[in-house]
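There are 2 protein chains.
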Amino acid sequence: MTKIFADRAEGLSGSAIRATFKLLADPTIISFAGGAPSPDLFPTGELEEISARIFRDNGVKALQYGITEGYGPLMDFVKARMVKQGIIKDSDSVVITTGGQQVIDLTARALVNEGDIVAVERPSFVGGLNNFRSYNAVLVDVPVAEDGLDLDAFEDILKKRRVRLLYTIPTFQNPSGITMSLAKRRRLLEMAEKYDFFILEDNPYGELRYRGEEVPTIKSMDEKGRVIYAGSFSKILSPGLRVGFTSARTDILEKMAVIKQIVDVHTPVLNQMIAYEFITHYDLDAHIQKSRELYGHKCAVMLDAMDKSFPDYCGYTRPEGGIFLWCTLPERFDSQELFNRGVENKVAFVPGSSCMIDLNKKYSEFRLNYSNSSDENIVRGINILADVIKNY
Amino acid sequence: MTKIFADRAEGLSGSAIRATFKLLADPTIISFAGGAPSPDLFPTGELEEISARIFRDNGVKALQYGITEGYGPLMDFVKARMVKQGIIKDSDSVVITTGGQQVIDLTARALVNEGDIVAVERPSFVGGLNNFRSYNAVLVDVPVAEDGLDLDAFEDILKKRRVRLLYTIPTFQNPSGITMSLAKRRRLLEMAEKYDFFILEDNPYGELRYRGEEVPTIKSMDEKGRVIYAGSFSKILSPGLRVGFTSARTDILEKMAVIKQIVDVHTPVLNQMIAYEFITHYDLDAHIQKSRELYGHKCAVMLDAMDKSFPDYCGYTRPEGGIFLWCTLPERFDSQELFNRGVENKVAFVPGSSCMIDLNKKYSEFRLNYSNSSDENIVRGINILADVIKNY
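These protein sequence lines map, in sequence, to chains A and B.
So for the first sequence, the working numbering puts the first residue at 166; every next one is plus one.
So for the second sequence, the working numbering puts the first residue at 166; every next one is plus one.
Here it is in structure tokens:
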């Protein structure tokens with residue numbers, strides 16, 4: 166046997182991210198590497214009561230096969246909430262997914278042929294990049310400026326090459342924490358129409374704004390059915406439950422549901438019922454408000470520690486929401502080497518290469534997460550990291 | 166925009182199966198169409214206690230991101246059980262998946278290029294067929310005889326065409342209920358080596374034997390790493406929880422885990438903890454024994470009703486386990502038309518075309534499920550169906 170793997174799988178490697186996840190398990194390492202919510206926010210007491218009640222009153226429903234599109238009451242709730250938020254119209258539908266990650270997968274599978282061009286942000290989310298790679302898409306990247314994607318640079322690409330899909334996290338972007346301006350969102354939709362491409366708007370952090378003014382989602386202004394929207398309960402309730410959702414124009418949404426059926430049949434019913442019972446019996450908005458306050462505080466703690474300890478040549482974003490910020494060091498730094506030295510000193514982050522389409526170049530940038538560490542560990546970890554940078 | 170969907174998604178349609186799932190929701194229809202376990206077997210009381218305890222004692226673990234490969238204690242349990250059953254060796258590993266369906270998806274994604282040939286059984290499982298279609302694989306089918314796959318017919322194909330993967334459900338096959346003989350399993354492994362293809366052994370029903378002698382899994386005799394094994398808790402605990410598992414040689418299993426990470430990050434942790442707590446605190450083998458007895462009884466009820474009411478020209482299998490049997494009518498019958506007439510008379514089944522690689526031909530065969538109906542409904546539904554056949 167000469168070749169084991171399919172071409173699309175051949176070069177795929179998850180080692181950098183997987184290392185990241187595994188580091189989280191080592192309690193002696195201060196990890197700014199993951200993207201996990203604060204465990205302090207998990208409503209374990211409420212869910213103890215909810216899960217017991219589900220099995221007591223409605224256990225067969227929770228354990229039997231369900232409908233691919235989702236658990237009806239949760240679909241209705243998610244749709245009503247998105248309509249109220251102005252993201253979709255009353256004539257739109259939603260599908261519940263196994264986390265927001267699955268929306269990326271279903272979108273790529275439905276829309277992207279091998280060899281098609283997928284435009285991504287530079288930097289972008291590794292789970293998106295690897296997913297498009299796994300369909301043998303051709304990745305091109307577009308820099309993210311302070312107010313989001315550099316649309317002039319993108320238009321230069323669009324004039325020369327036929328782009329099939331743009332993958333963007335416009336609000337509190339992963340990994341940069343940057344939010345795309347309203348003007349850019351509008352222009353992006355016009356460009357999608359003019360150059361005939363789809364937009365996958367991934368919005369897991371959108372509800373986690375702790376300062377500044379709300380910016381409407383791209384989907385909310387989408388009159389031509391160009392946007393596939395990905396939402397998630399991972400950052401506002403629990404990532405371990407794996408409950409996300411999507412909306413798109415009807416033909417695309419239906420195709421995604423057909424694909425979902427042959428991917429995992431349906432998202433676990435129990436998990437959908439738990440999410441539904443939580444958001445109907447408890448105050449979701451109050452819960453989200455608590456998350457915003459906590460993450461706003463933690464972000465401020467991290468930025469304050471960085472302001473005090475990082476050398477002046479370090480640049481970093483100052484997010485208005487979400488759970489990440491992005492550091493840019495002078496070019497002589499290799500963030501992979503910095504990562505190695507960080508781990509030796511018991512502090513971890515995500516090196517820039519994980520967020521880029523070309524994994525093999527050197528990058529002086531890296532991602533920091535502040536949602537999943539105690540205040541004390543944030544200060545301690547940042548001080549260690551500052552020393553690692555100074556001693557580089 | 167001239168073309169909406171990727172080539173692989175263009176022709177995909179889930180309507181037949183989805184109609185099936187939706188029929189199950191109509192309480193006036195006696196449905197032999199689904200593949201759902203009996204709700205009488207769901208341990209709702211035990212899971213009420215277990216889920217409350219998980220949130221009380223270990224709630225953060227259940228709600229936080231987990232490791233892609235699975236929840237450690239469940240992985241250990243599944244591996245130990247498979248080693249004890251002789252399916253894998255102590256040096257092998259397992260990965261927990263979001264149902265058995267995901268194993269099909271990960272296998273195809275890792276191993277099958279667009280245009281590669283995937284051999285399937287005739288008839289086969291629609292969720293497998295549609296999955297391979299969704300990777301633009303070329304499907305070829307091999308008839309299933311009374312003792313499993315017709316290996317002479319398969320070898321004729323192998324001599325002419327390069328097959329990449331064989332997809333088989335060798336034990337209590339879906340949809341036929343047929344079990345492949347030990348001799349054929351051995352020969353199949355030799356053929357895989359000789360003709361250089363992989364075998365995806367899908368075994369969700371293997372533990373549900375209610376008569377006859379156990380036949381070793383193909384994986385248990387796999388010395389060369391040719392077999393990817395798919396197992397599931399769907400038919401022995403709950404399908405709604407979506408917990409399955411896989412084992413394969415290390416390089417393939419690792420690649421599948423990398424892909425799983427970009428598909429749904431990990432299987433929900435809560436669901437894995439529930440499965441683990443159930444199988445460690447309760448007697449899984451006793452629970453399975455109860456399932457065997459119930460399905461053996463229901464199969465006998467259905468066969469008895471068919472023996473009494475079906476015309477002599479109807480052929481059908483007499484399974485030794487699992488949850489399906491397969492009917493073959495004379496060629497003048499079109500099982501799709503029979504399905505329509507059945508539904509008019511409030512009885513449903515899966516028409517043969519859903520189980521075939523060519524959906525557009527007419528088939529006189531169909532699938533019956535007996536696990537999810539009351540004894541009374543089995544008898545009533547079979548009598549209605551007998552009349553529909555006689556009046557055709």
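Quick reminder that beta carbons are idealized off the backbone N, C-alpha and C, glycines included.
Computed from a predicted structure; not experimentally measured.
Notebook entry, point to check: Would Lys244 (chain B) be called buried (16 or more neighbouring beta carbons within 10 Å of its own) or exposed?
Noted result: Against the second sequence, residue 244 (chain B) aligns to sequence position 79. Flag for Lys244 (chain B) reads buried.
Next item on the list: Taking 8 angstroms as the cut-off, decide whether the C-beta atoms of Arg391 (chain B) and Ala357 (chain B) are in contact.
Entry: Here residue 391 (chain B) refers to the residue found at position 226 when the second sequence is read from its first residue. Here residue 357 (chain B) refers to the residue found at position 192 when the second sequence is read from its first residue. In contact: Arg391 (chain B) and Ala357 (chain B) (Cβ atoms closer than 8 angstroms).
Checklist line | Where the beta strand (DSSP E) through Arg352 (chain A) begins and ends | finding: Within the first sequence, the letter at position 187 stands for residue 352 (chain A). Boundaries for Arg352 (chain A): no beta strand (DSSP E) harbours it, while the alpha helix (DSSP H) harbouring it runs Leu347 to Tyr360, taken from the DSSP string.
Margin query: Strictly by DSSP, which residues pair up with Ser412 (chain B)?
Written below: One-based indexing of the second sequence puts residue 412 (chain B) at position 247. Answer is B:Tyr394, bridged to Ser412 (chain B).
Notebook entry, point to check: Whose C-beta lies closer than 7 angstroms to the C-beta of Ile252 (chain A) among residues of the same chain, with five residues either side of it excluded?
Noted result: If you number the first sequence from 1, residue 252 (chain A) lands on position 87. Counting only Cβ-Cβ distances below 7 angstroms, and skipping sequence neighbours, we find Thr382, Lys384, Ser385 and Tyr394.
Margin query: Considering just the uninterrupted stretch of the alpha helix (DSSP H) at Phe443 (chain B), what are its terminal residues?
Written below: Looking up residue 443 (chain B) in the second sequence gives position 278. Note, Phe443 (chain B): alpha helix (DSSP H), Val434 to His446.
Margin query: Quick check: Lys400 (chain B) and Tyr441 (chain B), are their CB atoms within less than 8 angstroms of each other?
Written below: Against the second sequence, residue 400 (chain B) aligns to sequence position 235. Against the second sequence, residue 441 (chain B) aligns to sequence position 276. No, these two residues do not count as a Cβ contact at 8 angstroms.
Item checked: 7 angstroms Cβ cut-off: residues of chain B touching Ser216 (chain A) -> Within the first sequence, the letter at position 51 stands for residue 216 (chain A). What Ser216 (chain A) touches in chain B: Ser216, Ala217 and Phe220.
Margin query: What would DSSP say about Ile549 (chain A), mapped onto helix, strand or coil?
Written below: Counting from one through the first sequence, the residue named residue 549 (chain A) turns up at place 384. If DSSP states are grouped into helix, strand and coil, Ile549 (chain A) belongs with the helices.
Check: What residues match up with Ala275 (chain B) in a beta bridge as DSSP calls it?
Finding: For the purposes of this step, residue 275 (chain B) is taken as the residue at position 110 of the second sequence. Per DSSP, Ala275 (chain B) has no beta bridge partner at all.
Check: Which residue's Cα is closest to the Cα of Asn301 (chain B): A:Ile282, A:Asp321, A:Arg274 and A:Leu314?
Finding: For the purposes of this step, residue 301 (chain B) is taken as the residue at position 136 of the second sequence. Of the candidates A:Ile282, A:Asp321, A:Arg274 and A:Leu314, the one whose C-alpha sits nearest the C-alpha of Asn301 (chain B) is A:Arg274.
Next item on the list: Please report the Cβ distance between Pro404 (chain B) and Pro202 (chain B), rounded to the nearest whole angstrom; I am assuming they are in contact, meaning their Cβ atoms lie under 8 angstroms.
Entry: Counting from one through the second sequence, the residue named residue 404 (chain B) turns up at place 239. Counting from one through the second sequence, the residue named residue 202 (chain B) turns up at place 37. Right, their Cβ atoms sit about 6 angstroms apart.
Notebook entry, point to check: When you compare only the Cα positions, how much space is there between Cys520 (chain B) and Glu502 (chain B)?
Noted result: As a first step, residue 520 (chain B) is located in the second sequence; it is residue number 355 there, counting from the start. As a first step, residue 502 (chain B) is located in the second sequence; it is residue number 337 there, counting from the start. Rounded to whole angstroms, Cys520 (chain B) to Glu502 (chain B) spans 16 angstroms at the Cα level.
Margin query: Using DSSP's beta-bridge definition, name the partner residues of Val309 (chain A).
Written below: Taking the first sequence and counting its residues from 1, one reaches residue 309 (chain A) at position 144. BP columns for Val309 (chain A) point to A:Leu314.
Note to self: Rounding to the nearest angstrom, what Cα-Cα distance links Thr482 (chain B) and Val309 (chain B) in this structure?
What the structure shows: Within the second sequence, the letter at position 317 stands for residue 482 (chain B). Within the second sequence, the letter at position 144 stands for residue 309 (chain B). Between Thr482 (chain B) and Val309 (chain B), the C-alpha separation is close to 12 angstroms.
Notebook entry, point to check: What's the C-alpha gap between Asp312 (chain B) and Leu354 (chain B)?
Noted result: Taking the second sequence and counting its residues from 1, one reaches residue 312 (chain B) at position 147. Taking the second sequence and counting its residues from 1, one reaches residue 354 (chain B) at position 189. Distance between the alpha carbons of Asp312 (chain B) and Leu354 (chain B): 16 angstroms.
Check: Residues of chain B with a CB under 9 angstroms from the CB of Leu228 (chain A): which are they?
Finding: One-based indexing of the first sequence puts residue 228 (chain A) at position 63. Correct list: Pro202, Pro204, Phe207, Pro208, Thr209, Leu212, Leu402, Ser403, Pro404, Gly405 and Leu406.
Item checked: Reference Gly293 (chain B); option with closest CA among A:Glu541, A:Ile424, A:Asp205 and A:Met471 -> Within the second sequence, the letter at position 128 stands for residue 293 (chain B). Nearest of A:Glu541, A:Ile424, A:Asp205 and A:Met471 to Gly293 (chain B), Cα basis: A:Ile424.
Note to self: Applying the 10 Å Cβ sphere with the 16-neighbour rule, what's the burial state of Pro335 (chain A)?
What the structure shows: Start at 1 with the first residue of the first sequence, and residue 335 (chain A) comes out as number 170. Taking every protein chain shown into account, the CB of Pro335 (chain A) has 16 or more other CB atoms within 10 angstroms, so this residue is buried.
Check: Is the shortest distance between the beta-carbon of Asp279 (chain B) and the beta-carbons of chain A less than 8 angstroms?
Finding: The sequence position of residue 279 (chain B) within the second sequence is 114, counting from 1. Per the sequence presented here, residue 279 (chain B) reads as Glu, with Asp not at that position. Yes - at least one Cβ of chain A is within 8 angstroms of the one on Glu279 (chain B).
Item checked: Stretch pair the stretch 529-539 of chain A + the stretch 445-464 of chain A: three plus CB contacts closer than 8 angstroms -> yes
Next item on the list: Could you tell me which residues DSSP puts in a beta bridge with Ile261 (chain B)?
Entry: What you label residue 261 (chain B) is simply residue 96 of the second sequence in a count that begins at 1. Paired residue(s): B:Phe410.
Item checked: Nearest candidate by alpha-carbon position, reference Phe475 (chain B), set B:Val303, B:Asn556 and B:Leu331 -> Numbered from its first residue, the second sequence carries residue 475 (chain B) at position 310. The shortest Cα separation from Phe475 (chain B) among B:Val303, B:Asn556 and B:Leu331 belongs to B:Asn556.
Check: In whole angstroms, what is the alpha-carbon distance linking Gly377 (chain A) and Gln229 (chain A)?
Finding: Within the first sequence, residue 377 (chain A) is the residue found at index 212, counting from 1. Within the first sequence, residue 229 (chain A) is the residue found at index 64, counting from 1. Roughly 45 angstroms between the two C-alpha positions.
Notebook entry, point to check: What residues in the stretch 526-539 of chain A bring their beta carbon closer than 8 angstroms to a beta carbon of chain B?
Noted result: none
Check: Among residues of its own chain, excluding the 5 on either side of Asp306 (chain A), which ones have a beta-carbon nearer than 6 angstroms to its beta-carbon?
Finding: If you number the first sequence from 1, residue 306 (chain A) lands on position 141. Val285, Arg287 and Ile522.
Notebook entry, point to check: Nearest chain B C-beta to Ser474 (chain A) closer than 8 angstroms, yes or no?
Noted result: Taking the first residue of the first sequence as position 1, residue 474 (chain A) is located at position 309. Not a single CB atom of chain B sits nearer than 8 angstroms to the CB of Ser474 (chain A).
Next item on the list: Determine the closest residue to Met247 (chain B) out of B:Val430, B:Ser412, B:Arg545 and B:Lys526, with distance taken between C-alpha atoms.
Entry: Reading the second sequence from its first residue, position 82 is the one you call residue 247 (chain B). When each option's Cα is compared against that of Met247 (chain B), the closest is B:Ser412.
Next item on the list: Look at the alpha carbon of Ala318 (chain B) and the alpha carbon of Arg374 (chain B), and state the distance between them as a whole number of angstroms.
Entry: Start at 1 with the first residue of the second sequence, and residue 318 (chain B) comes out as number 153. Start at 1 with the first residue of the second sequence, and residue 374 (chain B) comes out as number 209. When rounded, the distance between both Cα atoms is 28 angstroms.
Notebook entry, point to check: Could you check where the beta strand (DSSP E) with Val430 (chain A) kicks off and where it finishes?
Noted result: Indexing the first sequence from 1 puts residue 430 (chain A) at position 265. Note, Val430 (chain A): premise wrong, no beta strand (DSSP E); not H, not E.
Next item on the list: Decide if Ala470 (chain A) is buried, meaning its Cβ has at least 16 other Cβ atoms within 10 Å, or exposed.
Entry: Within the first sequence, numbered from 1, the residue matching residue 470 (chain A) stands at position 305. Buried.
Item checked: Proximity winner among A:Gly199, A:Gly200, A:Ser216 and A:Gly210, relative to Ile439 (chain A) (alpha-carbon distances) -> Start at 1 with the first residue of the first sequence, and residue 439 (chain A) comes out as number 274. Measuring from the Cα of Ile439 (chain A), the nearest candidate turns out to be A:Ser216.
Margin query: With H, G and I counted as helix, E and B as strand and the rest as coil, what does DSSP make of Cys520 (chain A)?
Written below: On the first sequence, position 355 is the one that residue 520 (chain A) refers to. It is helical.
Next item on the list: With DSSP as the reference, label Leu468 (chain A) as helix, strand or coil.
Entry: In the first sequence, counting from the first residue as 1, residue 468 (chain A) sits at position 303. DSSP, read as helix, strand or coil, puts Leu468 (chain A) in helix.
Item checked: Per-residue contacts from Asn558 (chain A) into chain B (C-beta, under 8 angstroms) -> The first residue shown for chain A is 166 and the last is 557, placing residue 558 (chain A) beyond what the model contains.
Next item on the list: Residues of the stretch 243-274 of chain A with a CB closer than 7 angstroms to any CB of chain B: list them in chain order, please.
Entry: Those would be Thr263, Gly264, Gln266, Gln267, Asp270 and Arg274, in chain order.
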